[in-house]
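**Q**
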Amino acid sequence: MEVRVRRSEQHPDIHIMEIEGRIDANTAPKIETELQALKEQNAAKIIVDFSQVNYISSGGLRVFLTALKWTRAGNGDLKLVNLVQNVEKIFKLAGFTKIFNIMPDVESAEQAF
Numbered sequence: 001m002e003v004r005v006r007r008s009e010q011h012p013d014i015h016i017m018e019i020e021g022r023i024d025a026n027t028a029p030k031i032e033t034e035l036q037a038l039k040e041q042n043a044a045k046i047i048v049d050f051s052q053v054n055y056i057s058s059g060g061l062r063v064f065l066t067a068l069k070w071t072r073a074g075n076g077d078l079k080l081v082n083l084v085q086n087v088e089k090i091f092k093l094a095g096f097t098k099i100f101n102i103m104p105d106v107e108s109a110e111q112a113f
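With the UniProt record's numbering applied, the sequence shown corresponds to residues 1 to 113, in that order.
What follows is the structure, given as structure tokens:
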């Protein structure tokens with residue numbers, strides 16, 4: 001699994017996390033570490049690009065739910081974009097589509113902040 005974090009070119013206060021591969025019990029801690037680093041930088045506006053993610057486990061869902069709480073507490077948000085069909089289905093089954101802001105792409109998420 002690969003995780004890259006970059007700043008938005010148009011909005012430097014927005015961080016974009018791109019994930020490639022499966023998010024499961026073995027890989028979720030790496031994402032949690034990256035998100036924790038953003039928290040320590042007081043980053044409250046985060047977009048997570050799921051276009052290259054083909055699976056997410058309950059442990060992965062927990063990592064994003066935790067990050068959602070602290071971004072919103074800091075007057076920001078954690079927006080999810082480009083969810084592939086089977087990953088979006090997992091979010092729906094968990095009831096998370098009602099909690100998270102799920103957007104079609106990075107550009108629309110940037111504009112929504």
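For every residue, glycine included, the Cβ atom is placed at its ideal position computed from N, Cα and C. A quick note: this is a predicted structure, and the numbers were derived from the prediction, not measured.
Report the three-state DSSP secondary structure of I31 (helix, strand or coil).
**A** helix
**Q** Reducing DSSP to helix, strand and coil, say where Q10 ends up.
**A** Coil at Q10, not helix or strand.
**Q** If you follow the beta strand (DSSP E) that Q52 is part of, which residue opens it and which one closes it?
**A** Run containing Q52: 45-56, per the beta strand (DSSP E) assignment.
**Q** Determine the extent of the beta strand (DSSP E) in which L83 is found, giving its start and end residues.
**A** Looking at the DSSP string, L83 is not in any beta strand (DSSP E), and its letter there is neither H nor E.
**Q** What do you get for D49, buried or exposed, if any count of 16 or more other CB atoms within 10 angstroms of its CB means buried?
**A** buried
**Q** Look at the alpha carbon of D105 and the alpha carbon of D77, and state the distance between them as a whole number of angstroms.
**A** 15 Å
**Q** Three or more C-beta pairs closer than 8 Å, one from the region 25-41 and one from the region 88-104: is that the case here?
**A** no
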